[in-house]
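Protein chains in written order, with my numbering: chain A, 1 to 279; chain B, 1001 to 1309.
So, in structure tokens, the structure goes:
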């Protein structure tokens, strides 16, 4: 399938700002921004004379100097994982026009990308789908035993890779809706994304999943949640018109497509705050 | 070492070892979902398409170093099959002569391919790795009951490795086995390919079945003697056959107590021929609890490309 670069770029540029999200975005920005903090230490025995310590100097104290001190910023790495299964084509009709889930997800992803880029956060945006439904494979070993495996043929779409500038990905992000097809290989996609994200050097790591998948296997997701915790990754699932994401430890469900951006940003902010306090 | 790191390490090692022999996989996939280590592969003009199965292992578990060595040993063993095993004679033999012949082939083929790997020099420390795996399994599981028919493939696998020169921590059980002579005969046959091994296994199966039939007839005779002909077969009643012809070990074959024990064991679980089963047990506490048996696996992961006009 051929993609029209100019059209995709146009789509990206035409993406509207999410309504009522000004405060959310500025709060998110403040939390995600990676700035080295510069301060002054006191009670030093050498350095610059601290005028506030002159009273102590009068009483014979010698540690009356101060020094410049730098606290390294906490860097963040974020993976935005977008479900591109065919069910994302579903939507709601508004004013005679159908708004598909994937269109809203594309807009939210673009807004999120802009915000993360402004906050100088390392991030990648990856879509995933599967050409055909899960295949049940029976593998026969030499000893004659058979194992039943549910095969997931996962296709990743790298809309924005690590260390790639947002400017270079404008057209790719605008083309998100063109890749919508097939089934949802959720387990494989999340597992691989967690392992990929764990390789990043950043202190804070967040996996942000936008999906409309249903009937998650609870024990599998719990396993992934445990893996994320072990790897120091905060995993947040945003369910689009589905309550089934409740199996994730951190989740939110958005039933009204118009509110997706706002709720997604709010959930990310909430997760970051919790993380921020904990760290 | 964390489970997922170990998995990636073993997977990378398999690819690297195979590549170092000047060959490449056309497609290679791993499944950490099995109960045992196994390989399923096809070899054609384009290359090798292989799927290697390892025992299920929790990504987050802290895996001891000895298990790491075992897994590498298993990986090299499975690579040995890819290098030196031919599927066709094996599959045909199993198809026409039954699954027990398939298990016999496995028992004979495993030591053969391990010796081939050692001789080939593809993996310089192959002998050490294989030895380590066998020792770990035997020290944990113990050796097989020599008089249990179902344990024959396992005995072949272990005794064949003893002939390879590994240090097996138990003395040979073949002298105590009712089929010891036949197993010894099978292990001493010069087999240079899987087809040779299949021929030996088919012949061995015939011998074993024949012997088994004789045992059963003898048992029936003993039963009959106890029932009504006590006077004529008085000696049989005491468990000693009058003339045990064509029996390698008549004294052991004739003992009713031994026969009874054998019958009981045959109803129970046989010692599996695959050494990987022991590893699976070893790792069973590391498997995530509550996960469905139909675990999803990534049969293929690919990256889509952007085709711009």
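Just so you know, even glycine gets a beta-carbon here, dropped at the ideal spot from N, CA and C.
The structure presented is a predicted model; accordingly, all values stated were derived computationally and were not measured.
Can you tell me whether DSSP reads residue i as helix, strand or coil?
i	result
residue 178(A)	helix
residue 158(A)	strand
residue 231(A)	coil
residue 42(A)	strand
residue 1260(B)	Low per-residue confidence applies at residue 1260(B): pLDDT is 35, beneath 50, and the placement is therefore not dependable, though the value from the model is reported in the following sentence. Three-state result, residue 1260(B): helix.
residue 65(A)	strand
residue 1023(B)	coil
residue 218(A)	helix
residue 110(A)	helix
residue 60(A)	coil
residue 100(A)	strand
residue 1168(B)	coil
residue 83(A)	strand
residue 1229(B)	With a pLDDT of only 43 at residue 1229(B), under 50, the local geometry of the prediction cannot be trusted, and the value read off the model is given with reservation. Correct three-state label for residue 1229(B): coil.
residue 117(A)	helix
residue 1106(B)	helix
residue 1307(B)	coil
residue 1237(B)	Here the model assigns residue 1237(B) a pLDDT of 37, short of 50, so the residue's position is not dependable, and the following value carries that caveat. In this structure, residue 1237(B) counts as helix in the three-state DSSP scheme.
residue 1136(B)	helix
residue 1031(B)	strand
residue 203(A)	coil
residue 264(A)	helix
residue 105(A)	helix
residue 1146(B)	coil
residue 14(A)	coil
residue 9(A)	helix
residue 245(A)	helix
residue 1038(B)	strand
residue 1117(B)	helix
residue 1301(B)	strand
residue 1123(B)	coil
residue 1151(B)	helix
residue 27(A)	helix
residue 1131(B)	helix
residue 226(A)	helix
residue 256(A)	coil
Based on DSSP bridge pairs, tell me the residues matched to residue i.
i	result
residue 251(A)	237(A)
residue 130(A)	154(A), 183(A)
residue 22(A)	None; residue 22(A) has no bridge partner.
residue 209(A)	81(A), 237(A)
residue 91(A)	100(A)
residue 48(A)	66(A)
residue 3(A)	1308(B)
residue 125(A)	80(A), 160(A)
residue 1002(B)	1062(B)
How about residue i and residue j: do their beta carbons lie closer than 8 Å?
i	j	result
residue 84(A)	residue 128(A)	yes
residue 154(A)	residue 86(A)	no
residue 271(A)	residue 245(A)	no
residue 1161(B)	residue 1134(B)	yes
residue 69(A)	residue 113(A)	no
residue 202(A)	residue 26(A)	no
residue 1069(B)	residue 1132(B)	yes
residue 131(A)	residue 182(A)	yes
residue 1086(B)	residue 1194(B)	yes
residue 24(A)	residue 269(A)	yes
residue 1059(B)	residue 1102(B)	no
residue 193(A)	residue 98(A)	no
residue 1104(B)	residue 1201(B)	yes
residue 1031(B)	residue 1053(B)	yes
residue 1154(B)	residue 1212(B)	no
Any 3 or more C-beta pairs closer than 8 Å across the region 1102 to 1110 of chain B and the region 1124 to 1138 of chain B: Verdict: no, contact absent.
At least 3 beta-carbon pairs within less than 8 Å: the region 39 to 48 of chain A vs the region 170 to 188 of chain A: no
Contained beta strand (DSSP E) runs [length at least 3] in the region 1047 to 1104 of chain B, N- to C-terminal order: Runs of the beta strand (DSSP E) spanning 3 or more residues and lying entirely within the region 1047 to 1104 of chain B occur at 1047 to 1055, in chain order.
The region 1170 to 1181 of chain B / the region 1073 to 1082 of chain B touching (three or more Cβ pairs under 8 Å): In the pairwise beta carbon analysis, the region 1170 to 1181 of chain B is classified as not touching the region 1073 to 1082 of chain B: fewer than three pairs are separated by under 8 Å.
Contact between the region 1002 to 1015 of chain B and the region 1068 to 1077 of chain B (3+ Cβ pairs under 8 Å): Touching, per the Cβ criterion.
Start-end ranges of the alpha helix (DSSP H) lying completely within the region 1155 to 1213 of chain B, minimum 4 residues: Counting whole runs of 4 or more residues, the region 1155 to 1213 of chain B contains the alpha helix (DSSP H) stretches 1180 to 1188.
Any 3 or more C-beta pairs closer than 8 Å across the region 1026 to 1039 of chain B and the region 1096 to 1103 of chain B: Contact between the region 1026 to 1039 of chain B and the region 1096 to 1103 of chain B is absent: fewer than 3 CB-CB pairs across the two stretches fall below 8 Å.
The region 97 to 105 of chain A in contact with the region 116 to 124 of chain A per 3-pair CB rule at 8 Å: no
Segment contact flag, the region 1055 to 1075 of chain B with the region 1178 to 1193 of chain B, C-beta cutoff 8 Å, min 3 pairs: no
The region 234 to 248 of chain A / the region 202 to 219 of chain A touching (three or more Cβ pairs under 8 Å): With the cut-off at 8 Å, the region 234 to 248 of chain A and the region 202 to 219 of chain A touch.
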